[in-house]
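Asks: Residue numbers for the sequence shown follow full-length UniProt numbering, beginning at 707 and rising by one. Just so you know, even glycine gets a beta-carbon here, dropped at the ideal spot from N, CA and C. Treat the numbers as computed from the prediction; the structure is a model and nothing was measured. Supplied in structure tokens, the structure appears directly below.
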Amino acid sequence: YIQRDATSTRSVRESPIAFVFDIDGVLIRGSNVLPEAKRALRILEGNNELGVKIPYILLTNGGGVSEEERCRRLSKLLDQPIGISQYIQAHTILKSLAHKYENDSVLVLGGRQNILDVAREYGFKHPYTTLDIKAWNPSIWPFRSLTDSEIASAQKVDFSNINFRAILVFHDPRDWALDTQIALDVIRSGGVIGGPHLPPSADPKVDLVFCNPDLLWRNDFPVPRLGQGAFKEAFQAVYKASTGKTYPYLQFGKPTTATYKFAEQVLKDRIVEVQGTQVGKLPQIYMIGDNPASDIAGANGAGWKSVLVHTGVYDPEDGKPTHEPTFQADNVEEAVRQAISREI
Ligand code: G3P
Ligand code: MG
């Protein structure tokens, strides 16, 4: 694992292995960090039989806050500095879309009102939430009242003059009913809320983008919770009941190829950052995840090795996983130890 650094005689110890960690159900469950997670990261930071720092990044279908804020929270939880160069969340990839809509109005679903700050930081100049729209015309969804603080934080806009070009589902919607009603209004009117519905045969005028296909994910509740993928199923069921069709959409997040290609580039940059040399031969990448449908399927599709842990969505009692990992492990520490011993 020794490579002569081309520019100096300094020998650089390269690692033959690198890791990509899922977060929910692997490192944490809700706001609780799994004890084996801290031990696993300490192994990678140098406390291993290779005697080298083993590069790793975190790849989650979660989100809702800025990458900086999430890394701050994770560093505290994991007792280990996590930098933004090591972190990819569901909507990080939307930075690459901002230029396409930079002068357009976009509807941002998911998360809380602060998701607007994340969208603006990415380069979207006119993002709005369904709370902004509900505050403008409360009758748009009569079965919910806004709190005083929601009204205070809403953007004061007359949406009868706004033509939405896209609906971007950044994170898990908090109010599926309100979001479904407003997304349906925007899509069926071609972008202007309250406008006349286009015929179902009309070409789609509003882009619909999802960032996380997870039907299920694991927090500290004893059984998995519904994720953004469940909202997508619900929305499409309502759209189909209304029009007889499924509305076309773009899907990012694990296990999509786009997200795994993006992650592989982020990992390569991180390897350079850790080892200080250009990456010669890419080390063997191991993805450690709890959800066969997102973590294992995506890693297998990317040609990485994959480890399925038993601390999240997948339960060995349920029988064979829907996607076969390279191996299974009870938890993330065992997964890391076994993967390293396979590569030395
Ligand atoms: O919203 C979070 C959830 O869908 C998945 O999180 O970290 O298991 O990809 P993670
Ligand atoms: Mg997970």
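Quick check: the Cα distance between Leu-765 and Arg-735, rounded to an integer number of angstroms?
Replies: Within the sequence shown, residue 765 is the residue found at index 59, counting from 1. Within the sequence shown, residue 735 is the residue found at index 29, counting from 1. Their backbone Cα atoms lie some 15 Å apart in a straight line.
Asks: Okay, do the stretch 850-860 and the stretch 897-911 touch, 3+ Cβ pairs below 8 Å being the bar?
Replies: Segments in contact, no.
Asks: Do the CB positions of Phe-916 and Leu-956 come within less than 9 Å of each other?
Replies: The sequence position of residue 916 within the sequence shown is 210, counting from 1. The sequence position of residue 956 within the sequence shown is 250, counting from 1. Yes, the pair counts as a contact, with Cβ atoms nearer than the cut-off.
Asks: In the structure shown, what three-state DSSP assignment does Asp-854 receive?
Replies: For the purposes of this step, residue 854 is taken as the residue at position 148 of the sequence shown. Asp-854 falls in the helix class under three-state DSSP.
Asks: Is the distance from the Cβ of Val-912 to the Cβ of Ala-964 below 9 Å?
Replies: Here residue 912 corresponds to residue number 206 of the sequence shown, with the count starting at 1. Here residue 964 corresponds to residue number 258 of the sequence shown, with the count starting at 1. For Val-912 and Ala-964, no; Cβs fall outside 9 Å.
Asks: Under the criterion of a Cβ to heavy atom distance below 8 Å, does Ser-923 qualify as lining the ligand MG?
Replies: Indexing the sequence shown from 1 puts residue 923 at position 217. Just to set this straight, residue 923 is Trp in the shown sequence, not Ser. Correct: Trp-923 has its Cβ closer than 8 Å to the ligand MG.
Asks: Within its chain, find whatever has a CB closer than 7 Å to the CB of Lys-831; leave out the 5 residues flanking it on each side and keep chain order.
Replies: Numbered from its first residue, the sequence shown carries residue 831 at position 125. Contacts found: Glu-808 and Asn-809.
Asks: Could you tell me which of Leu-822, Asn-925, Leu-890 and Leu-922 sits nearest to Pro-910, measuring between CA atoms?
Replies: For the purposes of this step, residue 910 is taken as the residue at position 204 of the sequence shown. Among Leu-822, Asn-925, Leu-890 and Leu-922, the Cα nearest to that of Pro-910 is on Leu-890.
Asks: Taking the CB atoms as reference points, tell me whether Ile-994 and Val-1038 lie closer together than 9 Å.
Replies: Taking the first residue of the sequence shown as 1, we reach residue 994 at position 288. Taking the first residue of the sequence shown as 1, we reach residue 1038 at position 332. Their beta carbons are under 9 Å apart, which means Ile-994 touches Val-1038 by this criterion.
Asks: Which of the three DSSP states, helix, strand or coil, is assigned to Phe-968?
Replies: Start at 1 with the first residue of the sequence shown, and residue 968 comes out as number 262. The answer is helix: DSSP assigns Phe-968 an H, G or I state.
Asks: Give the DSSP bridge partners of Arg-931, in chain order.
Replies: On the sequence shown, residue 931 is found 225 positions in, with the first residue counted as 1. Trp-923, per the DSSP bridge assignment.
Asks: Between which two residues does the alpha helix (DSSP H) harbouring residue 1053 extend?
Replies: The requested residue 1053 is not part of the displayed model; the chain covers only 707 to 1050.
Asks: I need the DSSP call for Arg-719, collapsed to helix, strand or coil.
Replies: For the purposes of this step, residue 719 is taken as the residue at position 13 of the sequence shown. The answer is strand: DSSP assigns Arg-719 an E or B state.
Asks: The beta strand (DSSP E) with Lys-1011 in it runs from where to where?
Replies: Locating residue 1011 in the sequence shown gives position 305, where the first residue counts as 1. Element bounds for Lys-1011: 1011-1015.
Asks: Can we count residue 1051 as close to the ligand G3P, meaning its CB is less than 8 Å from some heavy atom?
Replies: Residue 1051 lies beyond the stretch modelled for the chain, which goes from 707 to 1050, so this question has no answer here.
Asks: Let me know the secondary structure DSSP gives Tyr-992 once reduced to three states.
Replies: On the sequence shown, position 286 is the one that residue 992 refers to. In this structure, Tyr-992 counts as strand in the three-state DSSP scheme.
Asks: To the nearest angstrom, report how far apart Ile-760 and Arg-719 are at their CA atoms.
Replies: Walking along the sequence shown from the start, residue 760 turns up at place 54. Walking along the sequence shown from the start, residue 719 turns up at place 13. Roughly 10 Å separates the two Cα atoms.
Asks: Measuring only the C-alpha atoms, how far is Gln-990 from Val-978?
Replies: As a first step, residue 990 must be located in the sequence shown, where it is residue number 284. As a first step, residue 978 must be located in the sequence shown, where it is residue number 272. The alpha-carbon atoms of Gln-990 and Val-978 are separated by roughly 15 Å.
Asks: DSSP three-state call for Asp-711: helix, strand or coil?
Replies: Within the sequence shown, numbered from 1, the residue matching residue 711 stands at position 5. Model confidence at Asp-711 stands at a pLDDT of 45, short of 50, so the residue's coordinates are unreliable; what they give is reported in the following sentence. If DSSP states are grouped into helix, strand and coil, Asp-711 belongs with coil.
Asks: Which residues mark the beginning and the end of the beta strand (DSSP E) in which Asp-810 is found?
Replies: If you number the sequence shown from 1, residue 810 lands on position 104. From DSSP, Asp-810 is part of no beta strand (DSSP E); its letter is neither H nor E.
Asks: With DSSP collapsed to three states, give me the class of Pro-741.
Replies: Taking the first residue of the sequence shown as 1, we reach residue 741 at position 35. Correct three-state label for Pro-741: helix.
Asks: For the stretch 980-990 against the stretch 811-827, do three or more pairs of beta-carbon atoms, one drawn from each stretch, fall closer than 8 Å, so that the two count as touching?
Replies: Contact between the stretch 980-990 and the stretch 811-827 is absent, because fewer than three Cβ pairs lie under 8 Å.
Asks: Please state whether DSSP places Gly-914 in a helix, a strand or coil.
Replies: The count along the sequence shown starts at 1 and reaches residue 914 at position 208. A small correction: the amino acid at residue 914 is Leu; Gly does not occupy that position in the sequence shown. Reduced to three states, the DSSP call for Leu-914 is strand.
Asks: Can you find the residues in the same chain that come closer than 6 Å, C-beta to C-beta, to His-877, ignoring five residues on each side of it along the sequence?
Replies: Numbered from 1 along the sequence shown, position 171 holds the residue referred to as residue 877. Within the same chain, His-877 has close Cβ partners Gly-769, Gly-770, Gly-816 and Gly-817.
Asks: Between the stretch 744-754 and the stretch 794-807, can you find at least three pairs of beta-carbon atoms closer than 8 Å?
Replies: The stretch 794-807 vs the stretch 744-754: no contact.
Asks: On a Cα-Cα basis, can you pick out the residue from Pro-722, Leu-904 and Val-726 that is closest to Asp-1001?
Replies: For the purposes of this step, residue 1001 is identified with residue 295 of the sequence shown, where counting begins at 1. Asp-1001 has its Cα closest to that of Val-726, out of Pro-722, Leu-904 and Val-726.
Asks: What does DSSP give as the partner residues of Ala-724 in its beta bridges?
Replies: Taking the sequence shown and counting its residues from 1, the one referred to as residue 724 is at position 18. Bridge partners of Ala-724: Ile-991.
Asks: Return the Cβ separation of Gln-934 and Val-1019 in integer angstroms, given the expectation that the two are a contact with Cβ distance under 8 Å.
Replies: Indexing the sequence shown from 1 puts residue 934 at position 228. Indexing the sequence shown from 1 puts residue 1019 at position 313. About 14 Å separates the two Cβ atoms, so there is no contact after all.
Asks: According to DSSP, is Thr-952 helix, strand or coil?
Replies: The residue you call residue 952 lines up with position 246 of the sequence shown. Reduced to three states, the DSSP call for Thr-952 is coil.
Asks: Is it right to say Glu-773 is buried, meaning 16 or more other beta carbons lie within 10 angstroms of its own, or is it exposed?
Replies: Residue numbering aside, residue 773 sits at position 67 when the sequence shown is read from its first letter. Buried: at least 16 other Cβ atoms inside 10 Å.
Asks: Just to confirm, are Leu-733 and Leu-780 a CB contact at a threshold of 9 Å?
Replies: Position 27 of the sequence shown, counted from the first residue, corresponds to residue 733. Position 74 of the sequence shown, counted from the first residue, corresponds to residue 780. Yes. Within cutoff.
Asks: Looking at His-1016 and the ligand G3P, is the gap between the Cβ and the nearest heavy atom below 8 Å?
Replies: Counting from one through the sequence shown, the residue named residue 1016 turns up at place 310. His-1016: no, Cβ never under 8 Å from the ligand G3P.
Asks: Looking at the structure shown, is Pro-833 part of a helix, part of a strand, or coil, going by DSSP?
Replies: Locating residue 833 in the sequence shown gives position 127, where the first residue counts as 1. Residue state, collapsed to three classes: strand.
Asks: Would you identify the three-state DSSP class for Ile-899, choosing helix, strand or coil?
Replies: Here residue 899 corresponds to residue number 193 of the sequence shown, with the count starting at 1. Three-state DSSP puts Ile-899 in coil, outside helix and strand.
Asks: In this structure, how does DSSP classify Val-944 when only helix, strand and coil are distinguished?
Replies: Start at 1 with the first residue of the sequence shown, and residue 944 comes out as number 238. The answer is helix: DSSP assigns Val-944 an H, G or I state.
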